[in-house]
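**Student:** Taking this note's numbering, the leading residue of the sequence shown gets -17, the next gets one more, and so forth. C-beta atoms are modelled at their ideal positions from N, C-alpha and C, and glycine is treated no differently. The structure that follows is given in the form of structure tokens.
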Amino acid sequence: MITDTTSLKLEKENPDAEDFLPLLGTDYVEFYVGNAKQAAHYYKTAFGFQSFAYAGLETGMKDRSSYVITQDKIKIVLTSPLNAESPINDHLAKHGDGVKVVALWVDDATKSWEETTKRGAKSYMEPTKEEDQHGYVVRSGIHTYGDTVHIFVERSNYNGVFLPNYRKWESHYNPAPVGLKYVDHMVGNVGWGEMNKWVEFYAKVMGFAQLISFDDKDISTDYTALMSKVMSNGNGRIKFPINEPAEGKKKSQIEEYIDFYNGAGVQHIAVATDNIIHTVSEMKNRGVEFLYVPSNYYDDLLDRVGEIDEDIEPLKERGILVDRDDEGYLLQLFTKPQMDRPTLFFEIIQRKGAKSFGKGNFKALFEAIEREQEVRGTL
Ligand code: FE2
-17 MITDTTSLKL EKENPDAEDF LPLLGTDYVE FYVGNAKQAA HYYKTAFGFQ SFAYAGLETG
43 MKDRSSYVIT QDKIKIVLTS PLNAESPIND HLAKHGDGVK VVALWVDDAT KSWEETTKRG
103 AKSYMEPTKE EDQHGYVVRS GIHTYGDTVH IFVERSNYNG VFLPNYRKWE SHYNPAPVGL
163 KYVDHMVGNV GWGEMNKWVE FYAKVMGFAQ LISFDDKDIS TDYTALMSKV MSNGNGRIKF
223 PINEPAEGKK KSQIEEYIDF YNGAGVQHIA VATDNIIHTV SEMKNRGVEF LYVPSNYYDD
283 LLDRVGEIDE DIEPLKERGI LVDRDDEGYL LQLFTKPQMD RPTLFFEIIQ RKGAKSFGKG
343 NFKALFEAIE REQEVRGTL
């Protein structure tokens, strides 16, 4: 059901979803980290993010500092507490560095809060108007799995750099971008038996519909297993796969995450590129570590995925994975966890028609993760 004129303009990618909010895209992703200044330096250097905005003592923010970094459509906010009283400390002690906020861009943050809380979401932030000389922004928020929250951002009446209380962050250190373009999907890990609860949450509260599901027959190795369902909004711009651990011979990678994160949270952020060979080469040169896939993965690659535009050799050199679905193919590669705890990692993905998530690579990928788990002694 289309409920307002904005959604009429949006393409319908997932016909089962009901776009009553509607969500226009990912606005920003906010991490709570121990040292935002140093984290920003890392993501600029290693991932090619650009300095964008800053908030802290100098801008009137008393309890925290936040560095906003950007690359094409992606905005990441890195936030650290400035005193012992800040509740951000509790989040850090419990989870380590991790994603706190998945912010969603909407036309009307008040309506988004009313619609979602009416449908059962727990409020995190009532609609709040923040303003400065550049106009105003309205934000509101709801809780999702674990301590993670969604914030709805209405910014049509604002032309400042990011949000009120932020100033432009100018730096003399500006490493070149690596070609990351937008957030393709963000995956949540939830506890045993909780996947369907959160699938229903996204369906009921946000109007999402399920795109695909995988069970432990699709995603299992000798040791580990998981189940996954992909939830998406109507225009397809927001895709949230939800994973839960499944029983295997040894500890599932999802369970390892839940143990170290102390509960449910964002497992990986998939970012899109138009040239994965270039992007991955740059990131490797800058020190990002990726999961290693044995070279025999490539022996029968073309038998599995058919003709592709790329030569095999550069893919093999970089360990880039390929998978095909009915609509095309995709290339993907996963970083190792980017935190000291084996929790959040990134996926680099290039879509060539495929709209799926690389099911054909799950086995090779999970075996690679298990080799890492074995070294950590957590398998
Ligand atoms: Fe993914």
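Is V84 buried or exposed, if buried means 16 or more other CB atoms sit within 10 Å of its CB?
**Tutor:** The residue in question, V84, is buried, as its Cβ has 16 or more Cβ neighbours within 10 Å.
**Student:** Just curious, the beta strand (DSSP E) that N244 is in, first and last residue?
**Tutor:** Element bounds for N244: n/a, residue is neither H nor E.
**Student:** Out of curiosity, what's the CA-to-CA distance linking K104 and A246?
**Tutor:** Approximately 16 Å, taken between the alpha carbons.
**Student:** Taking only three categories from DSSP, how would you classify T360?
**Tutor:** Coil, per DSSP.
**Student:** Runs of 3 residues minimum, wholly inside the stretch 231 to 299: which ones carry the beta strand (DSSP E) assignment?
**Tutor:** Entirely contained in the stretch 231 to 299, the beta strand (DSSP E) runs reaching 3 residues are, in chain order, 247 to 255.
**Student:** Please tell me whether D308 and D79 are closer than 9 Å, where the distance is taken between their beta carbons.
**Tutor:** No. Outside cutoff.
**Student:** Taking three-plus beta-carbon pairs below 8 Å as touching, is the stretch 237 to 254 in contact with the stretch 294 to 309?
**Tutor:** Cβ pair count under 8 Å is below three, so no.
**Student:** Using only the heavy atoms of the ligand FE2, determine whether one of them is closer than 8 Å to the beta carbon of A254.
**Tutor:** It does not: the Cβ of A254 is nowhere closer than 8 Å to a heavy atom of the ligand FE2.
**Student:** Buried or exposed: where does A22 fall if 16 or more other Cβ atoms within 10 Å of its Cβ makes it buried?
**Tutor:** With 16 or more Cβ atoms within 10 Å of its Cβ, A22 is classed as buried.
**Student:** Quick check on E295: buried or exposed, where buried means 16 or more other Cβ atoms within 10 Å of its Cβ?
**Tutor:** Exposed, since its Cβ has fewer than 16 Cβ neighbours within 10 Å.
**Student:** Which partner residues of D114 appear in the DSSP bridge assignment?
**Tutor:** Paired residue(s): G117.
**Student:** If contacts are defined as beta-carbon pairs under 8 Å, then G189 and L3 qualify, I think. What distance do you get, rounded to the angstrom?
**Tutor:** Confirmed, Cβ separation roughly 7 Å.
**Student:** Taking the straight line between their C-alpha atoms, what separation do you get for E62 and K334?
**Tutor:** For clarity, residue 62 is Ser in the given sequence; the question names Glu instead. Distance between the alpha carbons of S62 and K334: 38 Å.
**Student:** Express the C-alpha separation of K82 and P109 in angstroms, rounding to a whole number.
**Tutor:** P109 and K82: Cα-Cα distance of roughly 18 Å.
**Student:** Is P324 close to the ligand FE2? I mean its beta-carbon at under 8 Å from any heavy atom of the ligand.
**Tutor:** Every heavy atom of the ligand FE2 is 8 Å or more from the Cβ of P324, so no.
**Student:** Is it buried or exposed, V119, if we count other Cβ atoms within 10 angstroms and call 16 or more buried?
**Tutor:** Its Cβ being crowded by 16 or more others within 10 Å, V119 is buried.
**Student:** Starting from F183 and walking both ways along the alpha helix (DSSP H), at which residues does that stretch end?
**Tutor:** Note, F183: alpha helix (DSSP H), 177 to 188.
**Student:** Can you name, in chain order, every residue of its own chain whose Cβ lies under 8 Å from the Cβ of N244, other than the five neighbours on each side?
**Tutor:** For N244, where only same-chain residues beyond five positions count, the Cβ hits under 8 Å are K76, H77.
**Student:** Among residues of its own chain, excluding the 5 on either side of L162, which ones have a beta-carbon nearer than 7 Å to its beta-carbon?
**Tutor:** These residues qualify, in order along the chain: F29, G30, Q53, D54, I56, V253, T255, T261.
**Student:** Could you tell me how far apart the beta carbons of L313 and P319 are, in whole angstroms, since I believe they sit closer than 8 Å?
**Tutor:** Actually they are not in contact, since the Cβ atoms of L313 and P319 sit about 21 Å apart, beyond 8 Å.
**Student:** Quick one: what's got a C-beta closer than 8 Å to V287's C-beta in the same chain, skipping five residues either side?
**Tutor:** Excluding residues within five positions, the ones whose Cβ falls inside 8 Å are V304, D305, R306, Y311, G342.
**Student:** Check whether the Cβ atoms of Y280 and R149 lie closer than 9 Å to each other.
**Tutor:** No, they are not a contact pair.
**Student:** Assuming K211 and M177 are in contact, meaning their beta carbons sit under 8 Å apart, how far apart are those beta carbons, in whole angstroms?
**Tutor:** Indeed they touch by this definition, with Cβ atoms about 6 Å apart.
**Student:** Kindly indicate which residue of E97, N147, S234, I331 has the alpha-carbon position closest to the one of K186.
**Tutor:** Answer by Cα proximity: E97.
**Student:** From E67 to D45, what does the alpha carbon distance come to, in whole angstroms?
**Tutor:** E67 and D45: Cα-Cα distance of roughly 8 Å.
**Student:** Output yes or no for whether 9 Å exceeds the beta carbon distance between F134 and L86.
**Tutor:** Against a cut-off of 9 Å, the Cβ pair of L86 and F134 comes out as a contact.
**Student:** Please indicate yes or no: does the CB of I330 lie closer than 8 Å to some heavy atom of the ligand FE2?
**Tutor:** For the ligand FE2, not one heavy atom lies less than 8 Å from the Cβ of I330.
**Student:** What does A379 pair with, by DSSP beta-bridge criteria?
**Tutor:** No answer is possible for residue 379: it lies beyond the span of the chain, which begins at -17 and ends at 361.
**Student:** Let me know the secondary structure DSSP gives L60 once reduced to three states.
**Tutor:** L60 falls in the strand class under three-state DSSP.
**Student:** Can you check DSSP and say which residues form a bridge with T8?
**Tutor:** T8 pairs with L86.
**Student:** For G42, decide whether its Cβ has a neighbour in chain C, counting only Cβ atoms nearer than 9 Å.
**Tutor:** Among the chains in the structure shown there is no chain C, since it carries only a single protein chain.
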